[in-house]
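Peer 1: Please read through the structure below; I'll follow up with questions.
In the working numbering, the protein residues as written are 8 to 563.
Okay, structure coming up:
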């Protein structure tokens with residue numbers, strides 16, 4: 008996590024960077040840069056001084072990366088503020104905490120591993136970093152990560168943690184660096200995420216007094232023994248002898264990228280006793296501890312897990328209208344990856360939700376994956392100061408009996424009617440799907456809902472996107488609808504009734520019913536009865552019935 012990792016960024020070429028720079032007037036650009044800088048400074052101060060996370064860690068990382076890119080676009084000669092500026096404390100670390108560079112992707116991991124020997128991998132435990140100083144086996148000091156050189160005094164609360172309250176089998180001074188984490192037995196990161204684990208532990212340790220109940224929920228993972236034995240295997244054995252066996256249990260030697268990838272995938276998807284946000288790759292050999300500095304070393308690096316939350320920039324706001332007239336806002340996004348899925352669009356579900364969120368092009372959204380598969384907008388993360396006008400459809404113009412013919416205003420609902428008609432809930436025409444209708448609509452051959460019944464094979468063969476063979480198959484599929492039962496045709500036209508009415512009668516019999524008579528059908532409410540009466544009496548539906556009767560479709 009960049010709050011505890013040193014900041015590192017993927018450098019873009021000047022051409023690539025320019026292509027991603029916003030086209031803003033100078034005054035707006037500088038105001039935006041100042042606002043974002045101030046926002047990040049507020050988050051940094053709250054987290055490092057108060058132990059309070061005002062924003063999810065993954066989103067913080069992305070927001071800081073975007074600020075870095077924006078600064079390179081607008082003011083590249085000015086140094087970026089240090090996110091750890093307010094995080095120092097009264098206690099000096101006996102050995103600096105180095106932090107870690109973050110490897111952006113598999114290519115970066117392969118490059119880092121190239122020509123390295125005796126490399127190990129560990130889960131990157133999602134907790135709070137701490138320096139632990141023991142004297143003759145007893146905890147003398149616990150110092151927060153701070154700015155890597157100095158940190159806060161956590162000693163009083165740390166001594167309440169059972170794993171640290173015991174006496175170690177060691178003499179003299181012993182300095183260890185590690186992570187205090189929230190114990191989460193059988194935690195699967197890919198399913199549950201981090202659950203705010205880091206913030207929870209930071210909040211506990213920031214209290215004046217740590218209760219025994221909370222202390223019992225804190226685990227300790229030692230990830231380094233700076234002045235320990237020369238080799239990783241010796242350090243792990245020594246830590247295990249001191250009682251920190253988890254370090255050895257969760258450290259694995261690797262010789263290539265495939266092994267690193269396999270352990271990352273395993274720890275991401277299998278149960279661990281803690282939350283983790285990636286893996287750490289480290290060489291066995293490293294410089295003597297007195298040479299360590301509060302900056303990323305070259306002997307260790309982090310490879311984070313796939314993002315579960317992301318910041319997405321809105322390109323366009325569009326509206327789709329379904330078969331029944333429901334208006335759904337759909338946001339076209341600058342593509343991003345969540346859990347290794349590429350996301351370029353997301354539905355807001357309903358027009359009122361879009362109106363409440365007031366999302367415009369240029370806004371940044373907080374996205375997550377609902378059920379690990381469907382992108383979901385959590386909230387507006389950052390609003391574009393330029394509030395472009397977005398024209399939404401008028402809900403009064405669209406309903407279950409609108410758009411039976413193609414017009415520009417009805418394009419979306421009319422297409423939805425065609426897709427329903429040919430799909431499994433309707434006529435179930437083999438090989439006829441949304442792409443089929445898109446080609447026919449683009450060719451201008453469909454104006455009424457039933458125009459496809461009159462298309463000849465040669466017309467289809469001359470339609471862009473169809474060849475002779477596909478035109479023949481499509482024509483056969485379209486014509487097969489003529490033999491479908493009357494009840495199937497009713498469903499295909501959008502009859503507002505889940506079950507086929509009984510008895511199976513012809514059109515005249517059903518159209519003669521009023522709303523009260525429809526309510527005699529099982530499961531038909533008063534409202535549904537009125538909808539059924541309106542369906543059979545609507546002029547556009549009557550015109551469709553006349554067309555089907557002329558085509559000699561049974562029942563009409």
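By construction, the Cβ of each residue, glycine as well, lies at the ideal position given by its N, Cα and C atoms.
1) Apart from the five residues on each side of it in sequence, which residues of its chain come closer than 8 angstroms, Cβ to Cβ, to residue 302?
2) Are there 16 or more other CB atoms within 10 angstroms of the CB of residue 176, so buried, or fewer, so exposed?
3) Measuring straight from C-alpha to C-alpha, what distance separates residue 182 and residue 352?
4) If you draw a straight line from the C-alpha of residue 184 to the C-alpha of residue 392, how long is it?
5) Under three-state DSSP, which class holds residue 383?
6) Would you tell me roughly how many angstroms separate the C-alpha atoms of residue 116 and residue 285, rounded to the nearest one?
7) Going by DSSP, what residues sit across from residue 567 in a beta bridge?
8) Between residue 192 and residue 224, what straight-line distance do the alpha-carbon atoms span, to the nearest angstrom?
9) Would you call the CB atoms of residue 543 and residue 518 closer than 8 angstroms?
10) Find the nearest neighbour of residue 567 within the set 403, 343, 387, judged by alpha-carbon distance.
11) Please confirm whether residue 96 and residue 159 have their CB atoms less than 8 angstroms apart.
12) Alpha carbons only, please: which of 446, 489, 457, 214 is nearest the one belonging to residue 469?
13) Given that a residue counts as buried once 16 or more other Cβ atoms are within 10 Å of its Cβ, and exposed if not, what is residue 242?
14) Within 8 angstroms, do at least three Cβ pairs link the stretch 120-128 to the stretch 269-289?
15) Short of 8 angstroms in beta carbon distance, which residues of its chain neighbour residue 458, apart from the five on each side in sequence? Order them along the chain.
16) Can you tell me the Cβ-Cβ gap for residue 412 and residue 332, rounded? I've got them flagged as a contact below 8 angstroms.
17) Use the C-beta contact count for residue 568: other C-beta atoms within 10 angstroms, 16 or more gives buried, fewer gives exposed.
18) Could you have a look at residue 476 and say whether DSSP puts it in helix, strand or coil?
19) Which value, in whole angstroms, describes the spacing of the CA atoms of residue 414 and residue 515?
20) Are the beta-carbon atoms belonging to residue 424 and residue 456 less than 8 angstroms from one another?
21) I need the straight-line Cα distance from residue 300 to residue 278, nearest angstrom please.
22) Looking at C-beta atoms only, is the number of pairs between the stretch 57-67 and the stretch 314-325 that lie closer than 8 angstroms three or more?
23) Under DSSP, the alpha helix (DSSP H) around residue 554 begins and ends at which residues?
24) DSSP on residue 393, reduced to helix/strand/coil?
25) Compute the distance between the beta-carbons of residue 320 and residue 345, then report whether it is under 8 angstroms.
26) Quick check on residue 245: does DSSP put it in helix, strand or coil?
27) Can the beta-carbon of residue 464 be found less than 8 angstroms from the beta-carbon of residue 478?
28) Tell me the residue span of the alpha helix (DSSP H) that contains residue 232.
29) Could you check how far apart the C-beta atoms of residue 37 and residue 81 are, in whole angstroms? I think they sit under 8 angstroms.
30) So, for residue 563: in the same chain, excluding its five sequence neighbours on each side, which residues have a beta-carbon less than 7 angstroms away from its beta-carbon?
31) Would you kindly report the start and end of the unbroken alpha helix (DSSP H) that includes residue 191?
32) What is the DSSP secondary structure of residue 498, counted as helix, strand or coil?
Peer 2: Quick look at the numbers:
1) The residues are 13, 105, 106, 155.
2) Its Cβ having fewer than 16 others within 10 Å, residue 176 is exposed.
3) Annotation: residue 182 to residue 352 spans about 50 angstroms, alpha carbon to alpha carbon.
4) Distance between residue 184 and residue 392, taken at the CA atoms: about 44 angstroms.
5) Judged by DSSP in its simplified three-state form, residue 383 adopts strand.
6) About 13 angstroms.
7) Here the chain covers residues 8 to 563 and nothing more, so residue 567 does not appear.
8) Our two residues, residue 192 and residue 224, have alpha carbons roughly 10 angstroms apart in a direct line.
9) For residue 543 and residue 518, yes; Cβs fall inside 8 angstroms.
10) It is not possible to answer for residue 567, since the shown part of the chain is limited to 8 through 563.
11) Yes, the pair counts as a contact, with Cβ atoms nearer than the cut-off.
12) By alpha-carbon distance to residue 469, the top candidate from 446, 489, 457, 214 is 446.
13) It is buried - the Cβ of residue 242 has at least 16 other Cβ atoms within 10 Å.
14) Because the criterion of three Cβ pairs below 8 angstroms is met, the stretch 269-289 and the stretch 120-128 touch.
15) Within the same chain, Cβ atoms closer than 8 angstroms to the Cβ of residue 458 are found at 452, the five residues on either side in sequence being excluded.
16) With 8 angstroms as the limit, residue 412 and residue 332 do not qualify as a contact, their Cβ atoms being about 15 angstroms apart.
17) Since the first residue of the chain shown is 8 and the last is 563, residue 568 is not available in this structure.
18) Residue 476: helix per DSSP, three-state reduction.
19) Cα to Cα, residue 414 sits roughly 30 angstroms from residue 515.
20) It is a contact, given that the beta carbons lie within the stated cut-off.
21) Cα-Cα distance, rounded: 34 angstroms.
22) The answer is yes - the stretch 314-325 touches the stretch 57-67, with three or more Cβ pairs under 8 angstroms.
23) Run containing residue 554: 546-557, per the alpha helix (DSSP H) assignment.
24) DSSP, reduced to helix, strand and coil, places residue 393 outside both helices and strands of the structure shown, so it counts as coil.
25) For residue 320 and residue 345, no; Cβs fall outside 8 angstroms.
26) If DSSP states are grouped into helix, strand and coil, residue 245 belongs with the helices.
27) The Cβ atoms of residue 464 and residue 478 sit closer than 8 angstroms to each other.
28) Taken as a continuous stretch (DSSP letters only), residue 232 belongs to no alpha helix (DSSP H), as it is neither H nor E.
29) Indeed they touch by this definition, with Cβ atoms about 7 angstroms apart.
30) Counting only Cβ-Cβ distances below 7 angstroms, and skipping sequence neighbours, we find 514, 552, 555, 556.
31) Note, residue 191: premise wrong, no alpha helix (DSSP H); not H, not E.
32) Helix.
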